[in-house]
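Here the structure is laid out as structure tokens; the discussion comes afterwards.
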Amino acid sequence: MTTTTTTASARAYESRVARLITDGLDPKTWIIADTVLIGWHSGRLAGIGWGLLGCLFAAVIPLAFIKYGIRRGRWADRHVGPRRQRVIVLSFVSVSVATGITLLWAFGAPRTMTALVSAMLATLVALLAVTPAWKISVHAAVSSGSILLLAMTAYGPWTLLAYPLVAVVGWSRVELGDHTLAQVLAGAAVGGAVAAGTFALVR
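For reference, each letter of the sequence shown is one residue, going 20 to 222 in the working numbering.
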């Protein structure tokens, strides 16, 4: 009985930790970090302003859309588990991010910022292409791509020391039963490759 109780307590603790990681290091958090830090690198305070404009369309508006959907009962939480619902959300977010890129370009934003948001859009399109058939991990994709993008700017290779955070995020998704290990690994690989490749091309 004691062993069973201890095991149950340990599992409950791991689930709480996993939930904190999943919620704390969700795509929104990485997007805000990238737009602010890369914005600062590209133009100090003015760069942060451009970054916040990109963040508005890549994180704020999408989050508002998701919260609206939750209130209307369209999805259970902000991580949007079912694939069919994810397709709807990813499609909306893609349009929002594309709008942000258009505005950044029209208003003469630094090329680095346009490249950053373009990398986000390319990642979304890649995930959207896979999602109808397979629940690839958005958390893993965004965290992987975000760290690589920071490493490709003035923050340099030392940023890659933070890459184990991708594994931590992936563990939380598997621990909560939201993804399999394969879905997490695929998300990290696709997110990193697409984001870094797009950023390098557009920049």
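Cβ coordinates follow ideal geometry from the N, Cα and C atoms, glycine included.
Here the structure is a predicted model, which is why all the values come from computation and not from measurement.
In the DSSP assignment, find the unbroken alpha helix (DSSP H) run with H198 in it and report its ends. The residue labelled residue 198 in the question sits at position 179 within the sequence shown. Element bounds for H198: n/a, residue is neither H nor E.
So is P101 buried or exposed if we call it buried at 16+ other beta carbons inside 10 Å? As a position in the sequence shown, residue 101 is number 82, starting the count at 1. Counting Cβ neighbours within 10 Å, P101 comes out exposed, since fewer than 16 surround it.
So L123 and G73 are in contact, right, with Cβ under 8 Å, and what is the actual spacing, rounded? On the sequence shown, position 104 is the one that residue 123 refers to. On the sequence shown, position 54 is the one that residue 73 refers to. That belief holds up - the Cβ atoms of L123 and G73 are roughly 6 Å apart, short of 8 Å.
Excluding five sequence neighbours on each side, which residues of the same chain lie with their C-beta closer than 7 Å to the C-beta of V6? For residue 6 there is no data in the structure shown, the boundaries of the chain being 20 and 222.
Might you give, ordered along the chain, the residues of its own chain that have their beta carbon closer than 7 Å to the beta carbon of S162, omitting 5 neighbours on each side? As a working mapping, residue 162 is identified with position 143 in the sequence shown. Correct list, in chain order: L44, W49, L184, V185, V188.
Among G127, L147, P176, whose alpha-carbon lies nearest the alpha-carbon of G210? Reading the sequence shown from its first residue, position 191 is the one you call residue 210. Out of G127, L147, P176, L147 has the C-alpha closest to the C-alpha of G210.
Just curious, the alpha helix (DSSP H) that F16 is in, first and last residue? What is shown of the chain runs 20 to 222, which leaves residue 16 out entirely.
Looking only at its own chain, which residues have a Cβ that is under 7 Å from the Cβ of A78, when we skip the five neighbours before and after it? Taking the first residue of the sequence shown as 1, we reach residue 78 at position 59. K47, I50, I51, listed in sequence order.
Output needed for L140: all residues of its chain with C-beta closer than 7 Å, excluding positions within five of it in sequence on either side, in chain order. Here residue 140 refers to the residue found at position 121 of the sequence shown. Contacts found: S113, V116, A117, I120.
Under the three-state reduction of DSSP, which class applies to D96: helix, strand or coil? For the purposes of this step, residue 96 is taken as residue 77 along the sequence shown, with counting starting at 1. Correct three-state label for D96: coil.
Within this structure, are the beta carbons of T150 and R105 separated by less than 8 Å? One-based indexing of the sequence shown puts residue 150 at position 131. One-based indexing of the sequence shown puts residue 105 at position 86. Going by C-beta atoms, T150 is nearer than 8 Å to R105.
Buried or exposed for A31, going by 16 or more other Cβ atoms inside 10 Å? Sequence index remark: in the sequence shown, residue 31 carries index 12 (1-based). By the 10 Å Cβ count, A31 comes out exposed.
Just to confirm my understanding: we take S165, look at its own chain, exclude 5 residues before and 5 after, and list those with CB closer than 7 Å. What are they? The residue you call residue 165 lines up with position 146 of the sequence shown. Once the five neighbours on either side are set aside, the close Cβ partners of S165 are W49, A52, D53.
Check this for me: beta carbons of R97 and I89, under 8 Å apart or not? The count along the sequence shown starts at 1 and reaches residue 97 at position 78. The count along the sequence shown starts at 1 and reaches residue 89 at position 70. Cβ distance < 8 Å, so R97 and I89 count as in contact.
Buried or exposed for S9, please, with buried defined as at least 16 other CB atoms from any protein chain shown within 10 angstroms of its CB. Lying outside 20 to 222, the shown extent of the chain, residue 9 is not represented and no answer is given.
Does DSSP classify L169 as helix, strand or coil? Looking up residue 169 in the sequence shown gives position 150. Helix at L169.
Which two residues bound the contiguous alpha helix (DSSP H) that contains A52? Here residue 52 is taken as the residue at index 33 of the sequence shown, counted from 1. Element bounds for A52: 46–74.
Length of the line joining the Cα atoms of L168 and A128: The residue you call residue 168 lines up with position 149 of the sequence shown. The residue you call residue 128 lines up with position 109 of the sequence shown. Looking at the two C-alpha atoms, the distance is approximately 18 Å.
Inter-residue CB distance, M132 and G66 (contact presumed, cutoff 8 Å): Position 113 of the sequence shown, counted from the first residue, corresponds to residue 132. Position 47 of the sequence shown, counted from the first residue, corresponds to residue 66. Right, their Cβ atoms sit about 7 Å apart.
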